[in-house]
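Protein chains in written order, with UniProt numbering: chain A, 1 to 325; chain B, 1 to 269. The C-beta atom is built at its ideal place from N, Cα and C for all residues, glycine as well. Shown next, in structure tokens, is the structure this report addresses.
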Amino acid sequence: MNILRRVSSNFPRVLGFARRTFNSSRFLADFVDSSPPATALGVHVFHCPDEVGIVAKLSECIASRGGNILSVDVFVPENKNVFYSRSEFVFDPIRWPRAEIDEDFFKISKLFNAMRSVVRVPDLDPKYKVAVLASKQDHCLVDLLHEWQDGKLPLDITCVISNHNRGPDTHVIRFLERHGIPYHCLQTNRGNKREGEILDLVHGTDFLVLARYMQILSQNFLESYGKDIINIHHGLLPSFKGGNPSKQAFDAGVKLIGATSHFVTEELDAGPIIEQMVERVSHRDNLQSFVLKSENLEKQCLARAIKSYCELRVLPYQENKTVVF
Amino acid sequence: MHRFQRRKHTQRRCLRPRKQERLLFQKQICSEFVFDPIRWPRAEIDEDFFKISKLFNAMRSVVRVPDLDPKYKVAVLASKQDHCLVDLLHEWQDGKLPLDITCVISNHNRGPDTHVIRFLERHGIPYHCLQTNRGNKREGEILDLVHGTDFLVLARYMQILSQNFLESYGKDIINIHHGLLPSFKGGNPSKQAFDAGVKLIGATSHFVTEELDAGPIIEQMVERVSHRDNLQSFVLKSENLEKQCLARAIKSYCELRVLPYQENKTVVF
């Protein structure tokens with residue numbers, strides 16, 4: 001969703017512009033005349049105790065630096081005295097340099113004692129560093145890698161970690177080699193979950209994705225890592241926690257199956273839910289088609305959760321919920 | 001309509017097929033047909049299908065001619081919550097449900113000026129208030145009142161029916177659960193769902209068995225919720241789903257679309 005026009009080659013290149021669209025019929029004229037400013041898209045999320053004037057202050061900040069607000073989502077739950085907003089705006093990086101954006105929003109966050117104030121300029125900021133953990137099941141991992149390859153996920157996949165060995169001729173291994181992404185096979189057993197080694201490997205990442213990683217991460221790991229971990233559960237939580245939810249659903253005779261993506265907490269399959277999806281099943285489905293439909297849902301659900309997260313649409317809400325703008 | 005379920009013979013005719021084979025070789029057929037009742041009288045329809053059911057050792061062979069056959073005799077049980085009961089009564093009044101509602105039984109007292117009471121009076125349907133307490137669920141009296149019905153509908157009836165009741169009544173009982181089973185069994189599923197932070201809420205209609213909220217599922221429906229929903233809108237959306245889900249289940253059941261399948265499931269044509 002980049003809105004970016006770079007008009008004159010005399011202007012210094014700004015690092016990180018991923019995409020440029022030239023309007024060729026205007027190019028010559030723009031080169032000669034005073035050119036309209038280049039624009040970049042910025043996203044700001046804000047989470048603070050509620051009071052009068054927050055939106056006004058944020059808007060004023062953006063407008064005073066020549067930014068043009070495209071959309072603002074505000075959510076103030078009743079009786080909770082807390083404020084959430086997500087603003088999208090376009091601005092001229094020359095007029096409002098990246099570092100100053102941070103400073104300006106930081107001042108406002110101090111003013112309102114914000115719990116969270118994050119700004120992201122997708123074209124200028126580095127991509128999210130992410131490590132992906134998977135087990136034997138391929139489908140979520142492969143779908144993620146393809147989405148990433150297609151440029152749909154603003155990720156820098158640092159490595160793939162798995163407790164399952166994959167041979168050199170497998171699709172995953174060849175794909176990762178082609179893109180220079182290391183694959184670490186850390187086989188686990190009941191006594192040893194290799195968490196220390198995993199922590200080393202994921203050091204420096206912004207968040208983790210468990211793409212059907214079937215090992216439970218200990219409280220110790222979660223505390224040591226400290227950052228967000230997104231998991232996909234192949235069931236409609238809180239139904240069918242634990243293993244083999246497709247079989248559980250099949251045996252239960254449900255008419256709807258689903259997938260849930262959520263943040264990982266110490267309690268298994270119980271963290272704040274980000275996204276859920278369902279699909280109808282009937283007596284005509286056997287276990288195999290249950291599993292197929294389920295896998296299809298998981299891929300979509302996980303991809304959407306990651307996309308929402310990267311676009312700063314997901315915010316923690318109360319103890320165990322999320323606001324998803 | 002004709003419902004047909006047959007067991008195919010295996011090669012070993014003299015031996016009872018193993019359970020797995022039995023399940024594999026079951027067939028369920030549902031047919032809809034139009035006919036001339038002069039040429040094929042109602043009683044002969046029953047006879048003809050009966051012969052075929054004998055031929056194939058059918059577990060079930062049911063034929064129904066909606067225009068000629070009597071409507072299903074149904075008793076409806078409800079508690080304090082009105083919405084499913086009222087919706088059911090309106091659907092019935094609009095002729096959408098082929099039911100003959102014999103009575104409404106409730107453990108909650110409703111005054112003479114309430115919408116439900118006035119509606120029932122207008123249509124000559126008795127209302128029985130049987131208040132329950134921990135020691136006495138009034139099941140004996142309920143059994144007497146529902147004697148002769150074809151099935152029961154629990155329209156948010158909040159009392160658990162004992163195994164004894166289920167065995168004594170012996171016929172199907174359809175319940176609406178305001179949650180997406182098996183999630184949120186028991187009381188106040190909307191609040192449970194709200195606290196769990198789910199993004200989808202639902203309703204489930206199912207047959208009643210001795211285990212609470214665990215019988216074969218007939219129909220499920222969902223609706224999206226988000227951070228913008230408070231507990232009140234959760235409940236509203238949930239109630240809306242329950243009404244639709246229960247009505248659809250009853251309609252399917254009356255149209256002979258619902259058949260038992262394996263131990264705890266249904267075929268719904």
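Could you tell me whether the Cβ atoms of residue i and residue j are closer together than 8 angstroms?
i: Thr149/B; j: Ala75/B; result: yes
i: Lys251/B; j: His283/A; result: no
i: Leu208/A; j: Glu197/A; result: no
i: Thr39/A; j: Val74/A; result: no
i: Ala196/B; j: Ala78/B; result: no
i: Leu153/A; j: Ala211/A; result: no
i: His128/B; j: Ile160/B; result: no
i: Cys245/B; j: Thr204/B; result: yes
i: Thr265/A; j: Ile273/A; result: no
i: Asp87/B; j: Ala249/B; result: no
i: Asp100/B; j: Lys73/B; result: yes
i: Pro182/B; j: Ser246/A; result: no
i: Val172/A; j: Val132/A; result: no
i: Thr188/A; j: Lys129/A; result: no
i: Gln28/B; j: Val254/A; result: no
i: Phe269/B; j: Cys103/B; result: no
i: Leu256/A; j: Tyr225/A; result: no
i: Val63/B; j: Ile45/B; result: yes
i: Trp96/A; j: Gly66/A; result: yes
i: His147/B; j: Asn175/B; result: no
i: Pro260/B; j: Pro216/B; result: yes
Name the DSSP bridge partner or partners of residue i?
i: Lys237/B; result: Beta-bridge pairing links Lys237/B to no other residue.
i: Ile232/A; result: Ser261/A
i: Phe184/B; result: Beta-bridge pairing links Phe184/B to no other residue.
i: Ala78/B; result: Ser106/B
i: Gln220/B; result: Thr204/B
i: Asp156/A; result: Lys129/A
i: Val43/A; result: Glu88/A, Arg120/A
i: Val34/B; result: Paired residue(s): none; Val34/B is not in a bridge.
i: Ile174/B; result: Val153/B, Phe207/B
i: Asn189/A; result: Asn192/A
i: Pro126/B; result: Answer is none; Pro126/B lacks a bridge partner.
i: Ile161/A; result: Leu133/A, His184/A
For the beta strand (DSSP E) that contains residue i, what are its first and last residues?
i: Asp100/B; result: 99–106
i: Glu88/A; result: 82–91
i: residue 275/B; result: Given that chain B is displayed from residue 1 to residue 269, the structure contains no residue 275/B and the question cannot be resolved.
i: Pro260/B; result: 258–261
i: Phe165/B; result: Taken as a continuous stretch (DSSP letters only), Phe165/B belongs to no beta strand (DSSP E), being part of the alpha helix (DSSP H) at 163–169.
i: Arg280/A; result: 273–280
Check each candidate in the options and name the one with the smallest Cα separation from residue i.
i: Glu319/A; options: Leu58/A, Ala38/A, Gly53/A, Lys80/A; result: Lys80/A
i: Val118/A; options: Ala99/A, Leu133/A, His171/A, Arg304/A; result: Ala99/A
i: Gln163/B; options: His177/B, Gly140/B, Leu180/B; result: Gly140/B
i: Ala305/A; options: Glu60/A, Asp102/A, Asp228/A, Phe221/A; result: Asp228/A
i: His184/A; options: Gly191/A, His171/A, Val202/A, Arg120/A; result: Val202/A
i: Gln137/A; options: Asn165/A, Glu147/A, Arg95/A; result: Asn165/A
i: Ala303/A; options: Arg120/A, Leu199/A, His139/A, Phe105/A; result: His139/A
i: Val208/B; options: Ile29/B, Val153/B, His147/B, Lys51/B; result: Val153/B
i: Leu231/B; options: Ser59/A, Gly67/A, Pro77/A; result: Pro77/A
i: Phe119/B; options: Phe234/B, Gly179/B, Leu85/B; result: Leu85/B
i: Ser87/A; options: Ala56/A, Trp96/A, Arg95/A; result: Ala56/A
i: Leu124/A; options: Glu147/A, Leu111/A, Asp92/A; result: Asp92/A
i: Asp104/A; options: Val82/A, Glu51/A, Leu70/A, Ser64/A; result: Ser64/A
i: Leu145/B; options: Arg134/B, Gly135/B, Phe165/B, Met158/B; result: Phe165/B
i: Met158/B; options: Asn136/B, Lys80/B, Asp69/B, Pro41/B; result: Lys80/B
i: Leu130/B; options: Gly124/B, Arg122/B, Ile142/B, His123/B; result: Ile142/B
i: Ala252/A; options: Leu180/B, Leu236/B, Glu242/B, His108/B; result: Leu180/B
Give the range of the alpha helix (DSSP H) segment to which residue i is assigned.
i: Pro189/B; result: 189–196
i: Ile198/A; result: 195–201
i: Asn220/A; result: 219–225
i: Tyr213/A; result: Taken as a continuous stretch (DSSP letters only), Tyr213/A belongs to no alpha helix (DSSP H), as it is neither H nor E.
i: Lys57/A; result: 54–64
i: Asn230/B; result: Note, Asn230/B: premise wrong, no alpha helix (DSSP H); not H, not E.
i: Asn286/A; result: It is not in any alpha helix (DSSP H) - Asn286/A carries neither H nor E in the DSSP assignment.
i: Val142/A; result: 139–149
i: Arg174/A; result: 171–178
i: Pro316/A; result: Pro316/A -> not in any alpha helix (DSSP H); beta strand (DSSP E) instead, spanning 314–317.
i: Phe321/A; result: In the sequence as presented, Phe is not what sits at residue 321/A; that position holds Lys. No alpha helix (DSSP H) contains Lys321/A, which is instead part of the beta strand (DSSP E) from 321–324.
Review point. Are three or more beta carbon pairs between the stretch 270–279 of chain A and the stretch 197–208 of chain B nearer than 8 angstroms?
Key: A contact exists between the stretch 270–279 of chain A and the stretch 197–208 of chain B.
Practice item. State whether the stretch 106–123 of chain A contacts the stretch 41–49 of chain A, with contact taken as three or more CB pairs (one from each stretch) at a distance under 8 angstroms. Key: Touching, per the Cβ criterion.
**Study point:** Contact between the stretch 227–245 of chain A and the stretch 262–269 of chain A (3+ Cβ pairs under 8 angstroms)
**Key:** Judged by Cβ distances under 8 angstroms, the stretch 227–245 of chain A makes contact with the stretch 262–269 of chain A, as three or more pairs qualify.
Practice item. Determine, using beta-carbon pairs with one atom in the stretch 85–99 of chain B and one in the stretch 168–184 of chain B, whether at least three such pairs fall under 8 angstroms. Key: No: fewer than three Cβ pairs fall under 8 angstroms.
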